[in-house]
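Student:
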Amino acid sequence: MSTLSSPRPSIASSRAHSPTPASSRPSLDALNTNLPGGLSASSTPSTARAISPNPRRNRSALRDYYNLKPPGADSGSPGGSFRSRSVPRNTDAGDISNPSTLASGTELDNADFDPQRYVDHLLSTSSLSTILKAENTLVGDIRTLDGERKALVYDNYSKLIRAVETIGKMRKSMDERGAPLTMTKTLGPAIAFVAETAGGLIKEGEEQRRRIKEEREAEPPQPKKAEKETVRWVLAAPERLEKLLVEEKQTEAEKDWEEVQRLLDAWGEVKGVAEVRAACEKVMEKPSNDD
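Following the working numbering, the numbering of the sequence shown begins with 9 at its first residue and continues without gaps.
(1) Hey, quick one: how far does the alpha helix (DSSP H) through ASP264 stretch, first residue to last?
(2) DSSP three-state call for ASN118: helix, strand or coil?
(3) Can at least three beta-carbon pairs, one atom from the region 157 to 168 and one from the region 209 to 227, be found at a separation below 8 Å?
(4) Is the beta carbon of VAL268 less than 8 Å from the beta carbon of VAL291?
(5) Starting from the Cα of GLN258, find the closest Cα among ARG285, ARG270, LYS294 and VAL239 and give me that residue.
(6) Looking only at its own chain, which residues have a Cβ that is under 6 Å from the Cβ of ALA287, when we skip the five neighbours before and after it?
(7) If we ignore side chains and look at the alpha-carbon of each, how far apart do LYS236 and LYS279 end up?
(8) Have a look at THR174, GLU143 and PHE121 and flag the residue whose alpha-carbon is nearest the alpha-carbon of LEU131.
(9) Return the CA-CA distance between GLU289 and THR238, expressed in angstroms with no decimal places.
(10) Spatial neighbours of ALA261 within its chain, please: CB distance less than 8 Å, with the 5 preceding and 5 following residues excluded, ordered by chain position.
(11) Cβ atoms of LEU209 and LEU160: under 8 Å apart, would you say?
(12) Give the single residue among LYS180, ARG125 and THR133 whose Cα lies nearest to the Cα of GLY276.
(13) Quick check on ALA200: does DSSP put it in helix, strand or coil?
(14) Less than 7 Å between C-beta atoms, sequence neighbours within five positions excluded: which residues of the same chain meet that for MET178?
(15) Is VAL172 near ALA206, with beta carbons less than 8 Å apart?
(16) Within a Cβ cutoff of 6 Å, which residues of the same chain sit near SER135, ignoring the five residues on either side of it in sequence?
(17) With a CB to CB cut of under 8 Å and the five nearest residues on each side skipped, what residues in its chain are close to VAL175?
(18) Specify the secondary structure class of ALA244 as computed by DSSP and reduced to three states.
(19) Can LEU272 and ARG285 be called in contact, C-beta distance under 8 Å?
(20) Looking only at its own chain, which residues have a Cβ that is under 8 Å from the Cβ of GLY45, when we skip the five neighbours before and after it?
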């Protein structure tokens, strides 16, 4: 009885099924059929790549040259969009986004906006600390707008001056070199229009600078810093009076209370005055109750 032996796998069949690095390389015949101009088989793959450049690389180079963004960069990248001016900026005045305290940006920019009515409403409905915060925020916004206006006036003014000088040099160079008649007829009106427009913008910028200077000179100086210090001094009156009474300085405490009382009477019905007055009266009544 003969035993059956399993057939050994053929070497050729295993080579046929096993992938080799040579199987992924293109043949020279395929290169010869794809290359233009009937190149021979002796041409190398590097020559073929040099003849037909990568279009994706060309597009990338053009985007870099013209400073263009790749498609989808505005929506995909988190930093592709710039910060809008409508985003509220952080100030050291605290959070004062209460709609009953401050007017919105559209209300302040309205043509019918009445500053005096806005100030009266703020004084009658807000506390002293809220008024100080509102003032700090408005001062910061005014300084920001003033800086932007300066940048628009002075920066564009200098750019227009340089543009006029450049146009003058171009016209002078064209006249000296004796440019052809066709070029002179084509570029002459365009250069004259640009020069006229730039001159008008320069005059307008000078007029705007003059108006800004006159507005600043016409504004009367206001002792805002002294008023802020007075408000802070009044707000700290209860603690100050209590400290004087603890140190047994009754005369100084009474004198200080008289000055604070005069200021509170002058401020009238401003929100927060009643609280400060009640706190001071409570502190001043303590010695009499102890006796």
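Yeah, the Cβ is synthetic: ideal placement off N, Cα and C, and Gly gets one too.
Tutor: Quick look at the numbers:
(1) 258 to 275 is the extent of the alpha helix (DSSP H) around ASP264.
(2) coil
(3) yes
(4) Remark: C-beta atoms of VAL268 and VAL291 do not approach each other more closely than 8 Å.
(5) LYS294
(6) PRO246
(7) Their backbone Cα atoms lie some 16 Å apart in a straight line.
(8) GLU143
(9) 19 Å
(10) LEU249, LEU252, LEU253 and MET292
(11) One thing to note: LEU160 has its Cβ no nearer than 8 Å to the Cβ of LEU209.
(12) THR133
(13) helix
(14) ILE199
(15) yes
(16) LYS279 and GLY280
(17) As written in the sequence, residue 175 is Ile, which differs from the Val given in the question. Same-chain partners within the cutoff: ILE199, VAL202, ALA203 and ALA206.
(18) For ALA244, the secondary structure class from DSSP, reduced to helix, strand or coil, is coil.
(19) yes
(20) Its pLDDT being 46, under 50, GLY45 is placed unreliably by the model, and the measurement read from it follows with that caveat. Answer for GLY45: no residue qualifies.
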